Amino acid sequence: MSVLSRAVASDLSRTITATVSALPFALAVTVVQTRVWGAELFVERYAEVGIPTIMLTFWSAATLLYCLLTHVHLSRLGAATLRERSAREAASRHRHWYTPLLGSGGPASWTISGGFIVLVFTLVLAQSPVWRSSIWLLAISALSVASSWVVMVYTHALRYCERDAQERSLDFGGDEEPVFADYLQHSLLVSVAGVAAPATPTTRAGWRDLTQHAVTAFIVNGVLVAMIVTLLLGRFT
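With the first letter of the sequence shown counted as 1, position 95 gets the number 144 in our numbering; the numbers rise by one all the way through.
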């Protein structure tokens with residue numbers, strides 16, 4: 050197995066690869082801000098603008114890279130291979146105590162982290178006239194909003210895939226075995242429309258996953274809408 054293949058073979062390896070790869074983006078933002086504002090002004094505004102900008106940039110880069118690696122890797126797998134690897138991935142979560150600490154403990158770890166970051170920085174940004182008056186900083190905020198929502202869709206798609214591999218918890222209808230695109234579509238529709246989805250849960254665990262996802266999506270969507278409204282009101286008032 051090549052180095053690239055090992056970097057995307059498991060959810061844990063994709064998490065680590067995306068996290069490490071996102072560090073240069075955060076560093077680049079720091080350099081750009083220092084050059085634009087000047088070192089003295091950057092240090093003066095570091096707590097107000099610098100730290101939030103770096104963290105939001107890092108979060109956006111890490112989550113979008115994670116989703117990209119996940120999509121590229123799993124979309125190439127056939128139904129049988131996807132089911133086999135998903136079952137193995139789900140089983141491995143219970144064998145290693147450290148996986149939840151590294152953000153590989155399932156959908157909740159990514160979604161809760163993203164929701165927490167968005168909520169905290171919504172409160173911070175709402176109090177900062179400097180942030181609200183800058184198109185550049187508002188663009189970074191919008192990117193963090195988008196990346197938080199996208200990673201919610203992908204992590205829950207993975208959860209559905211793993212659960213279905215373990216106990217056939219979803220019925221997509223028809224005779225064809227589901228591939229990753231089917232789980233992704235299912236997750237996308239649940240994230241947008243609640244329980245309206247192309248697949249029907251067939252087990253209690255499957256219904257629990259769907260309910261948890263619908264509630265989580267409702268909360269995350271509410272936070273994201275509140276953040277957008279806050280930033281727009283701050284920008285145009």
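The C-beta atom is built at its ideal place from N, Cα and C for all residues, glycine as well.
Note that the structure is predicted; figures quoted are calculated from it, not measured.
Please say whether THR265 and SER218 have beta carbons closer to each other than 8 Å? The count along the sequence shown starts at 1 and reaches residue 218 at position 169. The count along the sequence shown starts at 1 and reaches residue 265 at position 216. Contact: no.
On the criterion of 16 or more Cβ atoms from any shown chain inside 10 Å, does SER193 qualify as buried, or is it exposed? The count along the sequence shown starts at 1 and reaches residue 193 at position 144. By the neighbour-count criterion, in which 16 or more other beta carbons inside 10 Å mark a residue as buried, SER193 falls on the buried side.
Note down the Cα distance separating ALA58 from VAL244, rounded to an integer number of angstroms. Counting from 1 along the sequence shown, the entry for residue 58 is found at position 9. Counting from 1 along the sequence shown, the entry for residue 244 is found at position 195. Cα to Cα, the separation comes out at about 31 Å.
Does LEU259 come out as helix, strand or coil in the three-state DSSP assignment? Numbered from its first residue, the sequence shown carries residue 259 at position 210. Correct three-state label for LEU259: helix.
Between which two residues does the alpha helix (DSSP H) harbouring PRO227 extend? Numbered from its first residue, the sequence shown carries residue 227 at position 178. Premise fails: PRO227 is in no alpha helix (DSSP H) and is neither H nor E.
Taking three-plus beta-carbon pairs below 8 Å as touching, is the region 178-191 in contact with the region 202-213? no
Buried or exposed: where does LEU150 fall if 16 or more other Cβ atoms within 10 Å of its Cβ makes it buried? Here the question's residue 150 lines up with position 101 in the sequence shown. In this prediction, LEU150 has a pLDDT of 49, which is less than 50 and means its spatial position is unreliable; nothing more can be read from the coordinates.
With contact counted as at least three CB pairs below 8 Å, one residue from each stretch, are the region 118-127 and the region 63-77 in contact? yes
In this structure, how does DSSP classify PRO250 when only helix, strand and coil are distinguished? By one-based count along the sequence shown, residue 250 stands at place 201. The answer is strand: DSSP assigns PRO250 an E or B state.
Can you list, in chain order, the residues of its chain with a C-beta nearer than 7 Å to that of LEU237? Leave out the 5 residues immediately preceding and following it. In the sequence shown, counting from the first residue as 1, residue 237 sits at position 188. Same-chain partners within the cutoff: VAL202.
Put LEU126 into one of helix, strand or coil per three-state DSSP. Position 77 of the sequence shown, counted from the start, is the residue given in the question as residue 126. The answer is coil: DSSP assigns LEU126 none of H, G, I, E or B.
State yes or no: is the C-beta of SER240 within less than 8 Å of the C-beta of THR112? Start at 1 with the first residue of the sequence shown, and residue 240 comes out as number 191. Start at 1 with the first residue of the sequence shown, and residue 112 comes out as number 63. No; because the gap between Cβ atoms is not below 8 Å, this pair is not in contact.
Do you know whose CA, among LEU131, THR106 and LEU114, lies nearest PHE200's CA? Within the sequence shown, the letter at position 151 stands for residue 200. The amino acid at residue 200 is misidentified as Phe; the sequence shows Val. Closest by alpha carbon: LEU114.
I think TRP185 touches LEU273, with their Cβ atoms under 8 Å apart; what is that distance to the nearest whole Å? For the purposes of this step, residue 185 is taken as residue 136 along the sequence shown, with counting starting at 1. For the purposes of this step, residue 273 is taken as residue 224 along the sequence shown, with counting starting at 1. At roughly 20 Å, the Cβ-Cβ gap does not stay under 8 Å, so TRP185 and LEU273 are not in contact.
Which residues share a DSSP beta bridge with LEU220? By 1-based counting over the sequence shown, the position of residue 220 is 171. Here residue 220 is Asp; the residue named in the question, Leu, does not match the sequence. Note: ASP220 sits in a beta bridge opposite THR249.
Quick one: measure Cβ to Cβ for THR79 and ILE103, integer angstroms, because I've assumed they're closer than 8 Å. On the sequence shown, position 30 is the one that residue 79 refers to. On the sequence shown, position 54 is the one that residue 103 refers to. Right, their Cβ atoms sit about 6 Å apart.
Hey, how far is the Cα of ALA140 from the Cα of GLY271? On the sequence shown, residue 140 is found 91 positions in, with the first residue counted as 1. On the sequence shown, residue 271 is found 222 positions in, with the first residue counted as 1. Cα to Cα, the separation comes out at about 33 Å.
So, for TYR147: in the same chain, excluding its five sequence neighbours on each side, which residues have a beta-carbon less than 6 Å away from its beta-carbon? Taking the first residue of the sequence shown as 1, we reach residue 147 at position 98. Model confidence at TYR147 stands at a pLDDT of 48, short of 50, so the residue's coordinates are unreliable; what they give is reported in the following sentence. No residues qualify anywhere along the chain.
If you compare alpha carbons, which of LEU76, ASP220, VAL85 and CYS210 is closest to ASP60? In the sequence shown, counting from the first residue as 1, residue 60 sits at position 11. It is CYS210.
From PRO73 to ASP220, what distance separates their C-alpha atoms? Taking the sequence shown and counting its residues from 1, the one referred to as residue 73 is at position 24. Taking the sequence shown and counting its residues from 1, the one referred to as residue 220 is at position 171. Going by the C-alpha atoms only, they are around 42 Å apart.
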